[in-house]
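Here is the structure we will look at, set down as structure tokens.
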Amino acid sequence: MKKDITKLPSDVQAQIRALEALPEDKIDTADAPEILDWSDARRGVFYRPVKQQITLRLDADIIAWFKAQAPDGRGYQTDINGALRDHVRRTAQSAR
Numbered sequence: 149m150k151k152d153i154t155k156l157p158s159d160v161q162a163q164i165r166a167l168e169a170l171p172e173d174k175i176d177t178a179d180a181p182e183i184l185d186w187s188d189a190r191r192g193v194f195y196r197p198v199k200q201q202i203t204l205r206l207d208a209d210i211i212a213w214f215k216a217q218a219p220d221g222r223g224y225q226t227d228i229n230g231a232l233r234d235h236v237r238r239t240a241q242s243a244r
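Going by our numbering, the letters in the sequence shown line up with residues 149 to 244, in that order.
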């Protein structure tokens, strides 16, 4: 998705248009360091799926287990969502 650059100064607009016109093999990325260590990377920083509030009845032992795994009992709903997402991903892959 291209951003609207018309609010930028004309010299910056010209630089952006010149960069857009460059073919991939002419772009010099030599000064951009390659990242080899992704241990500090965080998921979901730029993409946030739309959440929908619902009422869902789960067995008490399931909720207790997720709460016990979460630090101070916080974030257990996110963990449940992640478990459901993993299940959907695995089910979708096995259906292919």
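Quick reminder that beta carbons are idealized off the backbone N, C-alpha and C, glycines included.
With a Cβ-Cβ cutoff of 8 Å, do residue i and residue j count as a contact?
| i | j | result |
| --- | --- | --- |
| alanine 218 | aspartate 227 | yes |
Hey, how far is the Cα of residue i from the Cα of residue j?
| i | j | result |
| --- | --- | --- |
| lysine 174 | arginine 237 | 38 Å |
| proline 171 | serine 158 | 22 Å |
| tyrosine 224 | aspartate 207 | 14 Å |
| proline 197 | arginine 233 | 12 Å |
| threonine 177 | alanine 189 | 22 Å |
| isoleucine 210 | isoleucine 202 | 18 Å |
Tell me the DSSP secondary structure of residue i in three-state form.
| i | result |
| --- | --- |
| valine 198 | coil |
| arginine 165 | helix |
| serine 242 | helix |
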